[in-house]
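A.B. asks: Pasting in a structure now, in structure tokens, and then I'll have a few things to ask.
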Amino acid sequence: MISSGKSICVRAKLAGCVFSVFVGLAVAPVAVMAASHGTGPMGHPESSGGHHGAQYGHHAKTMGGPRLPQASLQAAASSQVAQDTVTVTLSAQLNDVSQQVVNAQLSKALDTAVASAKKQDAVKVYSGNFRVWPFTDEDGKVTRWQGRAELILESKDFPAASELAASLGDQLSITNIAFSVSPESRAKAEEALLEEAAAAFRKRADAFAVAFGFQSYSIKELNLGGAGVEYAPAPRMMAMAADKASVPLEGNTETVTVSVQGTIYLQRENK
Numbered sequence: 001m002i003s004s005g006k007s008i009c010v011r012a013k014l015a016g017c018v019f020s021v022f023v024g025l026a027v028a029p030v031a032v033m034a035a036s037h038g039t040g041p042m043g044h045p046e047s048s049g050g051h052h053g054a055q056y057g058h059h060a061k062t063m064g065g066p067r068l069p070q071a072s073l074q075a076a077a078s079s080q081v082a083q084d085t086v087t088v089t090l091s092a093q094l095n096d097v098s099q100q101v102v103n104a105q106l107s108k109a110l111d112t113a114v115a116s117a118k119k120q121d122a123v124k125v126y127s128g129n130f131r132v133w134p135f136t137d138e139d140g141k142v143t144r145w146q147g148r149a150e151l152i153l154e155s156k157d158f159p160a161a162s163e164l165a166a167s168l169g170d171q172l173s174i175t176n177i178a179f180s181v182s183p184e185s186r187a188k189a190e191e192a193l194l195e196e197a198a199a200a201f202r203k204r205a206d207a208f209a210v211a212f213g214f215q216s217y218s219i220k221e222l223n224l225g226g227a228g229v230e231y232a233p234a235p236r237m238m239a240m241a242a243d244k245a246s247v248p249l250e251g252n253t254e255t256v257t258v259s260v261q262g263t264i265y266l267q268r269e270n271k
């Protein structure tokens, strides 16, 4: 196995964001690869597919000639995307000697909070965990019941979510705040990054073929890393008791990455 031992970093601007393209390289042995079908034109796959992870082409060899050497390449494009969605978790906790009382009071608290929350159109409201459990004495007898219920607020409108969370302070307390990139923003970033990663892969394949004395290449297979995006979410978690003052909300950023991996056939022009 021959390896360049290097990575290439290409920096560019995309939709107001600065991102980097990293390219890795590994080369398979040159003279012993199996082959079965003809190759396509330079830079184009021998067959096509319609989804992430699809593989293209087969082993190939020239008509009556030697088997074609192969090289494995990879490229990735990344960008920092602003977290545009906030998720606020509010909860109520109660305890009583009666399980029925705990259930009833928790349900009432949630119903009241939901009725108030749904007046705010900019915030999505839904129920979280609802749990009631017993406490026992040393003899195993149930002495009381503890319960906890959650209400989730989700919105792209940070001020609206903050004000709503504060207004529910009489019924529920804020136990967690997390930020994320919305599916719409992530999909838009992935689409732009895929074009950049593909361009970096083609450029690297061209340069590699020339550097090792080949005139062209054809693509054997292409794959997108994972599900098409590898990202490291960086949510900011918080826990506090709610009061009438609004909670300051400010998101961070996440790194969205699209990677392309593939294998190419290296070709010399027939004389």
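The opening position of the sequence shown corresponds to residue 1 in my numbering, with each subsequent residue numbered one higher. Cβ coordinates follow ideal geometry from the N, Cα and C atoms, glycine included. Note that the structure is predicted; figures quoted are calculated from it, not measured.
(1) For my contact list, V81 and T263 are in at a C-beta cut-off of 8 Å; report their separation, rounded to the angstrom.
(2) Thinking C-alpha only, which one of T89, A187, A104, A205 is nearest E154?
(3) Return the chain-ordered list of same chain residues with a C-beta closer than 6 Å to the C-beta of T85, the five sequence neighbours on each side being excluded.
(4) Rounded C-beta distance between F201 and V260? I'm assuming under 8 Å.
(5) Please report how far the alpha carbon of S167 lies from the alpha carbon of A104, in whole angstroms.
(6) When you compare each of A192, G128, D206, G147 to F135 by their alpha carbons, which one comes out closest?
(7) Using a threshold of 7 Å, state whether the C-beta atoms of A117 and L164 are closer than that.
(8) For A31, collect the residues of the same chain with a Cβ closer than 7 Å to its Cβ; drop the 5 residues on either side in sequence, then sort them by chain order.
(9) Give me the Cα-Cα distance between S173 and Q100, rounded to the nearest whole angstrom.
(10) Buried or exposed: where does A113 fall if 16 or more other Cβ atoms within 10 Å of its Cβ makes it buried?
(11) Assign F130 to one of three DSSP states: helix, strand, or coil.
C.D. replies: This is what the structure holds:
(1) Their Cβ separation, rounded to whole angstroms, is 30 Å, which puts V81 and T263 out of contact at 8 Å.
(2) T89
(3) K156, S180, S182
(4) 5 Å
(5) 22 Å
(6) G147
(7) yes
(8) Bear in mind that the predicted position of A31 carries a pLDDT of just 34, short of 50, making it too unreliable to give a figure here.
(9) 22 Å
(10) buried
(11) strand
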